[in-house]
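So the sequence shown is residues 138 to 369, counted in the numbering used here. For reference, the structure discussed in these notes is given below.
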Amino acid sequence: MPATRELLALQSVDGELAARRTRLSEIAPLLGDDSAIRALTRRLASEQAEVDSALGRQQEFDSVIAGFTERVDAAEKRLYSGVVVNPRELQDLQADVNMLKRQRGHEEDALLEVMVELDTARGNRDASTKELELLKASWAAEQESLTAEKQRLEAEVADFERRRADTVSRTPPPEVALYEQVRRNHTRPVAQMHNNACNACRVGVPMRTAQEVRTSSAPVRCPNCGRILLPE
């Protein structure tokens, strides 16, 4: 294979290596990245705290309402026991019962609001719990897939690195040096000439240069972009 053809093979190998290394660089930050799980776990903890808070307030209202009920029962028992016969005292006792019932009613209304909050908080928590379970399962599957892909790509990189070394060993060092020099400016340093034009920069080359590309055993560069030209 002419040296310039070896350079084309080298470029092909470098392209394969670059693609795999790019993908490996994309995979690297994804492996072990459980930030979404941690964020959802924090949200779930916050929602559980809301459940606990609402539950605590519900229990407080239950206790207060139970206290009012106990006082109402005691007052009504005394009111209807026949022990109290004084009309004024009976009137005051009835007023106390009515007041206690009103206060208990206010507490019961507040309790209903807390129970609605508790139901909402529990719904949010339960939804997040299910979401977290699904997220963990999908994350584990993704991690397994990424790990397998990483191992495959690393094996392919090693194989292409061996191919690159073999290609370099078959190519004259000056031409490899030229290839590396051009590659610093162009990802693809080798281009084919088509209809006397560089197919990379699309600029025509002088007839003399085109003839050199076709006949010279040494690399010939595009006068415009500097890439190494290969004949059609």
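Where is the CB? At the ideal position from N, CA and C, for every residue including glycine. Keep in mind the model is a prediction, meaning the values are calculated, not measured.
Taking a 10 Å sphere around the C-beta of L167, we find fewer than 16 other C-beta atoms and assign the residue as exposed. Distance from the CA of A334 to the CA of L315, rounded to the nearest whole angstrom, comes to 21 Å. Counting along the chain, L367 sits inside the beta strand (DSSP E) bounded by residues 365-367. Sequence-distant partners of L269 (beyond 5 residues in either direction) whose C-beta falls short of 8 Å from its own C-beta, in its chain, are I174, L177, T178, L181. Under the three-state reduction of DSSP output, R307 falls in the coil class, being neither helix nor strand.
In this structure S306 is exposed. Its beta-carbon is surrounded by fewer than 16 other beta-carbon atoms within 10 angstroms. Remark: fewer than three beta-carbon pairs, one from each stretch, lie closer than 8 Å, so the segment 271-286 and the segment 325-342 are not flagged as touching. A contact is defined here as three or more CB-CB pairs under 8 Å, and the segment 255-275 meets this definition with respect to the segment 181-195. A check of alpha carbon separations from L154 across E298, G204, A212, T206 identifies E298 as the nearest. By alpha-carbon distance to E291, the top candidate from L237, R160, Q195 is R160. In the three-state reduction of the DSSP assignment, A328 falls in the strand class, which pools E and B.
Following the DSSP letters along the chain, one finds S190 inside the alpha helix (DSSP H) bounded by residues 172-216.
R262 is positioned such that its CB atom lies closer than 8 Å to that of V188. Note that the C-beta distance between L237 and A212 is below 8 Å. R364 is classed as buried because its beta carbon has at least 16 other beta carbons within 10 Å across all chains shown. Distance from the CA atom of D171 to the CA atom of L272, rounded to whole angstroms, is 10 Å. The three-state reading of DSSP puts G341 in strand, counting E and B together.
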